[in-house]
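Yeah, the sequence shown ends on 263 if you go by the numbering used here, and it's all consecutive. Beta carbons: idealized from backbone N, C-alpha and C, even for Gly.
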Amino acid sequence: MTVQAHELTKDYKYGFHDADVSVFRTEKGISPEVVAAISAHKAEPEWMLKFRLKALAHFFKRPMPNWGANLSGIDFDNIYYYIKPVDEMGRSWDDVPDSIRNTFDRLGIPEAERNFLAGVSAQYDSEVVYHSIRADLEKLGVLFSDCDTGLRDHEELFRRYFGTVIPPNDNKFAALNSAVWSGGSFVYVPKGVRVEIPLQAYFRINSDNMGQFERTLIIADEDSYVHYIEGCTAPTYSNDSLHAAVVEIIAERGAHVRYTT
Numbered sequence: 003m004t005v006q007a008h009e010l011t012k013d014y015k016y017g018f019h020d021a022d023v024s025v026f027r028t029e030k031g032i033s034p035e036v037v038a039a040i041s042a043h044k045a046e047p048e049w050m051l052k053f054r055l056k057a058l059a060h061f062f063k064r065p066m067p068n069w070g071a072n073l074s075g076i077d078f079d080n081i082y083y084y085i086k087p088v089d090e091m092g093r094s095w096d097d098v099p100d101s102i103r104n105t106f107d108r109l110g111i112p113e114a115e116r117n118f119l120a121g122v123s124a125q126y127d128s129e130v131v132y133h134s135i136r137a138d139l140e141k142l143g144v145l146f147s148d149c150d151t152g153l154r155d156h157e158e159l160f161r162r163y164f165g166t167v168i169p170p171n172d173n174k175f176a177a178l179n180s181a182v183w184s185g186g187s188f189v190y191v192p193k194g195v196r197v198e199i200p201l202q203a204y205f206r207i208n209s210d211n212m213g214q215f216e217r218t219l220i221i222a223d224e225d226s227y228v229h230y231i232e233g234c235t236a237p238t239y240s241n242d243s244l245h246a247a248v249v250e251i252i253a254e255r256g257a258h259v260r261y262t263t
């Protein structure tokens with residue numbers, strides 16, 4: 003970390019980190035083997051593996067962006083592209099390991115859920131560790147899950163929209179995300195349904211030399227409404243971490259989506 007970066011982060015109250023509790027991680031570096039290992043670990047359909055590998059080819063071919071900050075110092079070979087923190091996602095905070103739950107307590111997520119949210123998703127490194135949605139919204143047909151669950155449980159709907167707003171060849175980092183994405187949020191709001199109370203996803207990096215590549219796919223059908231909030235934090239390390247997300251929002255005729263980050 004540079005002196006300038008240290009000065010910027012010295013008053014950062016979310017710079018703490020937990021001991022490593024991961025149950026699985028790929029080897030460092032980006033390669034077809036790493037991408038295939040991620041897809042195999044998730045037991046994905048063949049079309050998604052092909053999508054990932056095609057995106058990886060775009061990543062290798064595309065130059066670094068020449069707009070925005072200078073990112074030439076990123077060492078893509080010194081990053082873990084997938085770290086799984088727990089074996090199973092929790093449906094109650096009591097299902098989440100103590101150290102991880104305490105982190106989200108310090109970030110105020112359970113309190114926010116109790117006070118003013120209709121659904122919460124909490125991602126820790128590469129996977130969502132906790133998820134909830136109000137039962138009344140489920141009865142209306144609202145879908146709110148991580149993207150891995152969206153792919154598994156609603157494959158036809160997911161495939162119809164996934165990668166249609168930001169294709170893998172959009173830029174180098176869109177290609178990287180498309181190759182190694184994990185977790186994120188999948189939202190579908192049926193025709194005419196209004197989700198007046200926000201849904202929130204929170205993304206927390208814990209490990210150093212780690213890349214977090216969540217994918218957010220929001221589909222608002224005709225004449226629907228949803229407010230979706232995202233937040234993210236990471237510890238302060240002397241080593242680098244990388245966060246490269248992709249957000250795709252589809253609002254059909256008459257639909258309104260409010261996205262806050």
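- If you compare the alpha carbons of D89, H258, G213, G92 with that of V195, the shortest gap goes to H258.
- Bridge pairing for H245: Q214 [DSSP].
- The Cβ atoms of N208 and Y126 lie closer than 8 Å to each other.
- When DSSP reads this structure, Y261 sits in a beta bridge with Y230.
- Excluding the 5 residues flanking it on each side, R260 has same chain C-beta neighbours closer than 6 Å at H229, in chain order.
- Relative to the Cα of G165, the nearest Cα in the group R64, K56, V25, T28 belongs to K56.
- Apart from the 5 residues on each side of it in sequence, H156 sits with its Cβ closer than 7 Å to the Cβ of L145 in its chain, given in chain order.
- Annotated three-state conformation of V36 is helix, per DSSP.
- Approximately 4 Å separates the beta-carbon atoms of V167 and E250; this is inside 8 Å, confirming the contact.
- Residue environment analysis places V122 among the buried positions, since at least 16 neighbouring C-beta atoms fall within 10 angstroms of its C-beta.
- Under the three-state reduction of DSSP, L119 is assigned to coil, being neither helix nor strand.
- Shown here for G256: same chain residues with a beta carbon closer than 6 Å to its own, the five before and five after excluded, namely E224, D225 in chain order.
- Scanning its chain for C-beta atoms nearer than 6 Å, with the 5 sequence neighbours on each side dropped, one finds around Y190 the residues L145, I221, in chain order.
- Going by beta carbons, K174 and P65 fall inside the 8 Å limit.
- Along the length of the region 45-69, whole alpha helix (DSSP H) runs at least 4 residues long occupy 48-63, reported in chain order.
- Rounded to the nearest angstrom, the Cβ distance from V182 to I40 is 6 Å, consistent with a contact under 8 Å.
- Bridge partners of A181 according to DSSP: none are assigned.
- Between the region 24-38 and the region 75-95, the count of C-beta pairs closer than 8 Å reaches three or more; the two stretches touch.
- The beta carbon of I252 sits closer than 6 Å to those of Y163, I221, all from its chain and outside the five residues before and after it, given in chain order.
- In this structure, M212 keeps its C-beta atom at 8 Å or more from the C-beta atom of I111.
- Between E216 and G185 the beta-carbon gap is near 5 Å, inside 8 Å, which marks them as a contact.
- Setting aside the 5 residues that flank it on each side, F106 is surrounded in the same chain by A124, each with a C-beta closer than 6 Å to its C-beta; the list follows chain order.
- H156 sits in coil when the DSSP states are folded into three classes, being neither helix nor strand.
- In the same chain as G143, and ignoring 5 residues on each side of it, the C-beta atoms closer than 6 Å to its own belong to P192, in chain order.
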